[in-house]
Amino acid sequence: MDYIQVMTCNHPSMDRKTEMQAILRELKTLASDCKISVIGMTRLKIFYKDNASYFLSPDIFKELLSDNLEDINLTCIHRGDHFRIYEYGSNGEVAFGKTKFITYHDNNPEITYLLFNPNTIRFSMFPSVMYIHGLSSSGASSTASNLRKLLPQYDVLSPDLPIQPQEALTMLKDLCELYKPEIIIGTSMGGMFAQQLRGYKKILVNPAFHVSEFMRTQLGVHDFLNPRKNGETQYEITSKLCDNYQAIEANQFADITDFDIKNTYALFGTQDTLVHGYDEYIGYYRNAMMFEGEHRLNFEILKKIVVPLAKIIL
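Quick note: the sequence shown uses numbering that gives the first Met the number 0, first residue 0, plus one each step.
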């Protein structure tokens, strides 16, 4: 239906708000009776802020009120280059063609990145890279944001890990099944989790295969180093939590396939004083490199070591 704002109903005496409610009811009935999907095009209100979150509110759909939108999926296609809101590559140049396909339902926006090919006039799924952060961090870490700058042609997924390890591992497996990332990059504790995701190309950076041992020396309440989507600012390390991590670690090298051996790479900092996983790693895998660096990554290591390796693997 292109587009809803020019549609009318059989009762022209209605005020426009009531008329829109009637139109939406009829479209829902049509979809239900015919067992089809009905896509209604609608204009957006004129916006004035180059803020991506602006596209995630029901309030931007002209004439459609929030209380009319039950059981309706709202979707935006946001072309940053069209609105002069650009994505930038690692060299500072504008990266065109990155399009956000945003579905908004039940206050939870889901964003899928698409690539527009002007030669074929077609969209294709934006390939994804998953980054898994370490202990005390979050998906909003500087490493995640730097990866987005250095890999503008990929959708960098960077979820907040649940504190409970089994929940974290289950969530990561579900996300991999959903997005099928081209490569997984895990640092520290994230490297331990990444190693257990079978069937994916991956880079483990200073993997903490036994993070529970470190955690046992850090019992108590700690601050998250980066903001989390749920607003939590602290977490507590208990003996029980350490036991849960130790249980996850005990079988972490089980069921390794030939694909995993061939497509798993690890980077070990020569100045890493926190974890030392090289010997254990090389007992199961063969692709290992040393680099001049500490436990935590910085932009230069990402730019000169991690991203070039990822591009070779990809």
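For each residue, glycine too, the CB sits at the ideal point set by N, CA and C.
Since the structure is predicted, the reported quantities are computational estimates derived from the model, not experimental observations.
* Asked: Rounded to the nearest angstrom, how far is the Cβ of I255 from that of L168, given a contact under 8 angstroms?
  -> As a position in the sequence shown, residue 255 is number 256, starting the count at 1. As a position in the sequence shown, residue 168 is number 169, starting the count at 1. Between L168 and I255 the Cβ distance is about 16 angstroms, and since that is not below 8 angstroms, they are no contact.
* Which residues in the same chain have their Cβ closer than 7 angstroms to the Cβ of F258, if we skip the five residues on either side of it in sequence? -> Looking up residue 258 in the sequence shown gives position 259. Excluding its 5 nearest sequence neighbours in each direction, F258 has C-beta neighbours in its own chain below 7 angstroms: G198, listed in chain order.
* May I ask which residues mark the beginning and end of the beta strand (DSSP E) holding S127? => In the sequence shown, counting from the first residue as 1, residue 127 sits at position 128. Residues S127 to I131.
* K310 - containing beta strand (DSSP E), residue span -> To locate residue 310, count along the sequence shown from 1; it is residue 311. Element bounds for K310: not the beta strand (DSSP E) but the alpha helix (DSSP H), V306 to I312.
* Can you tell which of P151, V274 and T237 has its C-alpha closest to the C-alpha of G190? -> Taking the first residue of the sequence shown as 1, we reach residue 190 at position 191. Closest option to G190, Cα to Cα, is V274.
* If we count Cβ pairs, one from each stretch, closer than 8 angstroms, do we get three or more for the segment 285–294 versus the segment 232–241? -> no
* Nearest neighbour of Y264, chosen from Q251, R285 and P307 [CA to CA] -> Mapped onto the sequence shown, residue 264 falls at position 265. Residue R285 is the option with its Cα nearest to Y264.
* When you compare each of K201, H10 and S137 to G185 by their alpha carbons, which one comes out closest? -> The sequence position of residue 185 within the sequence shown is 186, counting from 1. Answer by Cα proximity: K201.
* Would you give the residue range spanned by the alpha helix (DSSP H) that Q397 belongs to? => No answer is possible for residue 397: it lies beyond the span of the chain, which begins at 0 and ends at 313.
* Boundaries (first-last residue) of the alpha helix (DSSP H) holding V5 -> Position 6 of the sequence shown, counted from the start, is the residue given in the question as residue 5. Counting along the chain, V5 falls outside any alpha helix (DSSP H), and DSSP gives it neither H nor E.
* Asked: Taking Cβ to Cβ, would you say P164 is nearer than 8 angstroms to M129?
  -> Stepping through the sequence shown from its first residue, residue 164 is reached at position 165. Stepping through the sequence shown from its first residue, residue 129 is reached at position 130. No, the pair does not count as a contact, with Cβ atoms beyond the cut-off.
* To do: Kindly indicate which three-state DSSP category F290 falls into: helix, strand or coil?
  => Counting from one through the sequence shown, the residue named residue 290 turns up at place 291. Note: F290 maps to strand in three-state DSSP.
* Start-to-end residues for the beta strand (DSSP E) that takes in L156 -> Sequence index remark: in the sequence shown, residue 156 carries index 157 (1-based). D154 to L156 is the extent of the beta strand (DSSP E) around L156.
* Asked: Does DSSP put A246 in a helix, a strand or coil?
  -> In the sequence shown, residue 246 corresponds to position 247, counting from 1. Helix, per DSSP.
* Please check the pair N243 and S140, which I expect to be a contact at CB under 8 angstroms, by giving their CB distance rounded to whole angstroms. => One-based indexing of the sequence shown puts residue 243 at position 244. One-based indexing of the sequence shown puts residue 140 at position 141. About 23 angstroms separates the beta carbon of N243 from that of S140, a gap too long to meet the 8 angstroms contact definition.
* Specify, as a first and last residue, the run of the beta strand (DSSP E) that F208 falls within. => Walking along the sequence shown from the start, residue 208 turns up at place 209. That residue, F208, is in no beta strand (DSSP E); it is neither H nor E in DSSP.
* Element boundaries [alpha helix (DSSP H), containing F252] -> The residue labelled residue 252 in the question sits at position 253 within the sequence shown. From DSSP, F252 is part of no alpha helix (DSSP H); its letter is neither H nor E.
* To do: Return the first residue and the last residue of the beta strand (DSSP E) that G189 is part of.
  => As a position in the sequence shown, residue 189 is number 190, starting the count at 1. G189 -> not in any beta strand (DSSP E); alpha helix (DSSP H) instead, spanning M188 to Q194.
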